[in-house]
Amino acid sequence: MWRPRGSAVVVGIGCSLLLVATVHHGTEIETVGGTLGPALALALDGGIALGVVYAGVRVREAGFTRLEEGRVARWTAVGTLLAAGAIGATLLVRAVEGRPLIEPVFPLLVAAGSGALGGAISGYLAVRQEAEARRAHDATRAVSFVNHLLRHDLRNDLSTIRGYADLAEATSHGDGIAAAEPGSDDGNGPDGRDAAAVIATKADEGLDRLETTSAVTDALVGDADLYRVDLAAVTREILEGITDRSDVTLDAYLTETAPVTANDGLRSVVDNLVENAVEHAGGDATLRVAITEGDETVTLSIDDDGPGIPPERRATLFPNGGGDGATAGGSGDRHGDSEGGGLFIVDSLVEEYGGTVAVGEADLGGARFEVTLPRADED
Numbered sequence: 001m002w003r004p005r006g007s008a009v010v011v012g013i014g015c016s017l018l019l020v021a022t023v024h025h026g027t028e029i030e031t032v033g034g035t036l037g038p039a040l041a042l043a044l045d046g047g048i049a050l051g052v053v054y055a056g057v058r059v060r061e062a063g064f065t066r067l068e069e070g071r072v073a074r075w076t077a078v079g080t081l082l083a084a085g086a087i088g089a090t091l092l093v094r095a096v097e098g099r100p101l102i103e104p105v106f107p108l109l110v111a112a113g114s115g116a117l118g119g120a121i122s123g124y125l126a127v128r129q130e131a132e133a134r135r136a137h138d139a140t141r142a143v144s145f146v147n148h149l150l151r152h153d154l155r156n157d158l159s160t161i162r163g164y165a166d167l168a169e170a171t172s173h174g175d176g177i178a179a180a181e182p183g184s185d186d187g188n189g190p191d192g193r194d195a196a197a198v199i200a201t202k203a204d205e206g207l208d209r210l211e212t213t214s215a216v217t218d219a220l221v222g223d224a225d226l227y228r229v230d231l232a233a234v235t236r237e238i239l240e241g242i243t244d245r246s247d248v249t250l251d252a253y254l255t256e257t258a259p260v261t262a263n264d265g266l267r268s269v270v271d272n273l274v275e276n277a278v279e280h281a282g283g284d285a286t287l288r289v290a291i292t293e294g295d296e297t298v299t300l301s302i303d304d305d306g307p308g309i310p311p312e313r314r315a316t317l318f319p320n321g322g323g324d325g326a327t328a329g330g331s332g333d334r335h336g337d338s339e340g341g342g343l344f345i346v347d348s349l350v351e352e353y354g355g356t357v358a359v360g361e362a363d364l365g366g367a368r369f370e371v372t373l374p375r376a377d378e379d
């Protein structure tokens, strides 16, 4: 069901107050026989109403989510009702006491407008403070992610490079492992060439990790430059890394290309979801990975035959995704994401790309993750 954005509701409240004030004071001109009084009154309550309209415009320009805008709208509505209700109650008491009610509409309009403006400002400040706190939290998680990658992934790559560099040095002096092998020739034999190849491969992987880390960090702090990325090519590359594993049965249904709007962090999204499925599906895991294209979106689905996720946990897994979606920072059990913030990374990146993540039950009996991203424009 379609619902207006909260900023539109705030603007609507302001416009409604302005309309009522204009009509009311317009009819007063004939009653009081002059324009100065009604004009001054309209300048007051109408000016407050215009302030509410401006507040709604600022809320729209603030870059809040629909949920955050909705909260500002609720603050505005509550402020309007409370202020108007308070003045209305005093007028009611005066009426019960038999006192004359002189111009009751004007104080009601001023009170309602003041309440609306105060509510809009309070809601805006509250939501902005929470958004800034969330961005600070995301920045902390980004630093934690980089620290984890540097300590774990890159350390493994560098350790491998160091080991094979030592091997290459030993073979070049004829006193290493290769020296004892027939056909070795001062480091230029098979072992020397293999060592050099591994060093080059690991160096390339390390550079790729740094590029991905930079893209992920930019996205987590809301400073990502988005561009056209081929989701099919990224997924195909990730899946090639698990095809040689004897404990994994893989069924892949990929389109030739699948252009989406993202950045290099997209690799981290696919990698985390695939590794998560492999890790938690257990021995002899079966994975089904598919990409489907729509007119405006591209969807990546990853199914596994593991234990799945209880329905009561799905509603909180990806809070940004808006799907059938357990928090991405749980206790470390199935999809608890206690190490490295993998699912947090997925959720944050997909949100930054303008997409959604959902989780449900797979036909294989385990969990099904769906990532839907905006389709990139044709070049």
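Residues in the sequence shown are numbered consecutively from 1, following this note's numbering.
Even glycine gets a Cβ: it sits at the ideal position worked out from N, Cα and C.
### Query
In three-state terms, what does DSSP make of Val371?
Translated into the one-based positions of the sequence shown, residue 371 becomes position 371. Strand, per DSSP.
### Query
Taking 7 Å as the cut-off, is the CB of Ala258 close to at least one heavy atom of the ligand FMN?
Inclusion of the ligand FMN in the displayed structure is not the case, the ligand content being empty and no account of it being possible.
### Query
With DSSP run on the structure shown, which of helix, strand or coil describes Tyr227?
One-based indexing of the sequence shown puts residue 227 at position 227. In the structure shown, Tyr227 sits in a strand (DSSP, three-state: E or B).
### Query
If you drop the 5 nearest sequence neighbours on each side, which residues of the same chain put their C-beta closer than 6 Å to that of Ile242?
Taking the sequence shown and counting its residues from 1, one reaches residue 242 at position 242. These residues qualify, in order along the chain: Val248.
### Query
Which one or two residues does DSSP pair with Pro259 in a beta bridge?
Start at 1 with the first residue of the sequence shown, and residue 259 comes out as number 259. According to DSSP, which records beta bridges pairwise, Pro259 is partnered with Asp230.
#### Entry: Three-state secondary structure (DSSP) of Thr327
Looking up residue 327 in the sequence shown gives position 327. Here the model assigns Thr327 a pLDDT of 37, short of 50, so the residue's position is not dependable and the matter cannot be decided.
### Own chain residues within Cβ distance below 7 Å of Val10, not counting five before or after
Here residue 10 is taken as the residue at index 10 of the sequence shown, counted from 1. Only Val52, Ala55, Gly56, Val59, Val72, Ala73, Thr76 and Ala120 meet the Cβ criterion.
### Message
At the level of alpha carbons, what is the spacing between Leu101 and Thr31?
### Response
Counting from one through the sequence shown, the residue named residue 101 turns up at place 101. Counting from one through the sequence shown, the residue named residue 31 turns up at place 31. Taking the straight line from one Cα to the other gives about 16 Å.
### Query
Going by C-alpha distance, which of Ala62, Gly98 and Ala112 is nearest Ala86?
Numbered from its first residue, the sequence shown carries residue 86 at position 86. Closest by alpha carbon: Ala112.
### Query
Can you tell which of Tyr353, Ile48 and Val23 has its C-alpha closest to the C-alpha of Gly265?
Here residue 265 refers to the residue found at position 265 of the sequence shown. Minimum Cα distance to Gly265 is reached at Tyr353.
### Task
Identify every residue that forms a DSSP beta bridge with Ser301.
Along the sequence shown, read from residue 1 onward, the residue named residue 301 stands at position 301. Paired residues: Ala290 and Glu370.
### Query
Which whole-angstrom value is the C-beta distance of Gly306 and Ala358, which I expect to be below 8 Å?
Along the sequence shown, one-based indexing puts residue 306 at 306. Along the sequence shown, one-based indexing puts residue 358 at 358. No, Gly306 and Ala358 are not in contact; Cβ-Cβ is about 17 Å, not under 8 Å.
### Query
Of the choices Val198, Glu312 and Ile13, whose alpha-carbon is the least far from that of Thr80?
On the sequence shown, residue 80 is found 80 positions in, with the first residue counted as 1. It is Ile13 whose Cα lies nearest to the Cα of Thr80.
### Query
Just checking, does the region 90-97 make contact with the region 15-29 on the three C-beta pairs under 8 Å criterion?
no
### Message
Would Ala362 and Asp304 be called neighbours here (beta carbons separated by less than 8 Å)?
### Response
Numbered from 1 along the sequence shown, position 362 holds the residue referred to as residue 362. Numbered from 1 along the sequence shown, position 304 holds the residue referred to as residue 304. Yes. Within cutoff.
### Task
With a cut-off of 8 Å on the beta carbons, I'd call Arg267 and Val234 a contact; round off their distance for me.
Locating residue 267 in the sequence shown gives position 267, where the first residue counts as 1. Locating residue 234 in the sequence shown gives position 234, where the first residue counts as 1. Going by Cβ atoms, the distance from Arg267 to Val234 rounds to 5 Å, so yes, they are a contact pair.
### Query
Who pairs with Asp271 in a beta bridge, going by DSSP?
For the purposes of this step, residue 271 is taken as the residue at position 271 of the sequence shown. For Asp271, which the question treats as bridged, DSSP gives no partner whatsoever.
### Message
Run through the DSSP bridge pairs and tell me what Val357 is partnered with.
### Response
As a first step, residue 357 is located in the sequence shown; it is residue number 357 there, counting from the start. Val371, per the DSSP bridge assignment.
### Message
For Phe106, which residues in the same chain have their Cβ closer than 6 Å to its Cβ, ignoring the five residues on either side in sequence?
### Response
As a working note, residue 106 is residue 106 in the sequence shown. Answer for Phe106: Ala41, listed in chain order.
### Task
Pick helix, strand or coil for Asp194, following the three-state DSSP scheme.
Taking the sequence shown and counting its residues from 1, the one referred to as residue 194 is at position 194. Note: Asp194 maps to helix in three-state DSSP.
### Query
Does the beta-carbon of Asp295 have 16 or more other beta-carbons within 10 angstroms, so that it is buried, or is it exposed?
For the purposes of this step, residue 295 is identified with residue 295 of the sequence shown, where counting begins at 1. With fewer than 16 other Cβ atoms within 10 Å, it is exposed.
### Task
Specify, as a first and last residue, the run of the alpha helix (DSSP H) that Asp284 falls within.
Counting from one through the sequence shown, the residue named residue 284 turns up at place 284. Per DSSP, Asp284 belongs to no alpha helix (DSSP H) and is neither H nor E.
### Task
Tell whether a beta-carbon distance below 8 Å holds between Leu117 and Gly88.
Within the sequence shown, the letter at position 117 stands for residue 117. Within the sequence shown, the letter at position 88 stands for residue 88. In this structure, Gly88 does not lie closer than 8 Å to Leu117 by Cβ.
### C-beta contact flag for Ala258 and Asp230 at 8 Å
Here residue 258 refers to the residue found at position 258 when the sequence shown is read from its first residue. Here residue 230 refers to the residue found at position 230 when the sequence shown is read from its first residue. Yes, the pair counts as a contact, with Cβ atoms nearer than the cut-off.
### Message
Please list the terminal residues of the continuous alpha helix (DSSP H) segment that includes Ala77.
### Response
Walking along the sequence shown from the start, residue 77 turns up at place 77. Looking at the DSSP string, the run of the alpha helix (DSSP H) that includes Ala77 is Arg66 to Val96.
### Query
Do Glu103 and Arg5 have their C-beta atoms closer together than 8 Å?
As a first step, residue 103 must be located in the sequence shown, where it is residue number 103. As a first step, residue 5 must be located in the sequence shown, where it is residue number 5. Going by C-beta atoms, Glu103 is not nearer than 8 Å to Arg5.
### Task
From the DSSP output, in three-state form, read off Thr243 for me.
Translated into positions along the sequence shown, residue 243 becomes position 243. DSSP places Thr243 in coil when its eight states are reduced to three.
### Task
Would you mind reading off the limits of the alpha helix (DSSP H) that contains Asp45?
Indexing the sequence shown from 1 puts residue 45 at position 45. That run of the alpha helix (DSSP H) goes Leu36 to Glu61.
### Task
Please check the pair Asp45 and Val143, which I expect to be a contact at CB under 8 Å, by giving their CB distance rounded to whole angstroms.
Walking along the sequence shown from the start, residue 45 turns up at place 45. Walking along the sequence shown from the start, residue 143 turns up at place 143. That belief does not hold up - the Cβ atoms of Asp45 and Val143 are roughly 50 Å apart, past 8 Å.
### Task
Can you have a look at Pro310 and say buried or exposed, based on whether 16 or more other CB atoms are within 10 angstroms of its CB?
Residue mapping note: residue 310 aligns to position 310 of the sequence shown, counting from 1. Under this definition Pro310 is an exposed residue.
### Query
Count the other CB atoms within 10 Å of the CB of Arg141; is the residue buried (16 or more) or exposed (fewer)?
As a first step, residue 141 is located in the sequence shown; it is residue number 141 there, counting from the start. Counting the other Cβ atoms within 10 Å of the Cβ of Arg141 gives 16 or more, which makes it buried.
### Query
Which residues in the same chain have their Cβ closer than 7 Å to the Cβ of Leu82, if we skip the five residues on either side of it in sequence?
Locating residue 82 in the sequence shown gives position 82, where the first residue counts as 1. Excluding residues within five positions, the ones whose Cβ falls inside 7 Å are Gly115.
### Message
Rounded to whole angstroms, what is the Cα-Cα separation between Leu17 and Tyr124?
### Response
Start at 1 with the first residue of the sequence shown, and residue 17 comes out as number 17. Start at 1 with the first residue of the sequence shown, and residue 124 comes out as number 124. Looking at the two C-alpha atoms, the distance is approximately 20 Å.
#### Entry: Terminal residues of the beta strand (DSSP E) in which Ala252 lies
As a working mapping, residue 252 is identified with position 252 in the sequence shown. Start and end: Val248 to Tyr253.
### Option in Leu254, Arg236 and Val216 with minimal Cα separation from Val350
Position 350 of the sequence shown, counted from the first residue, corresponds to residue 350. Minimum Cα distance to Val350 is reached at Val216.
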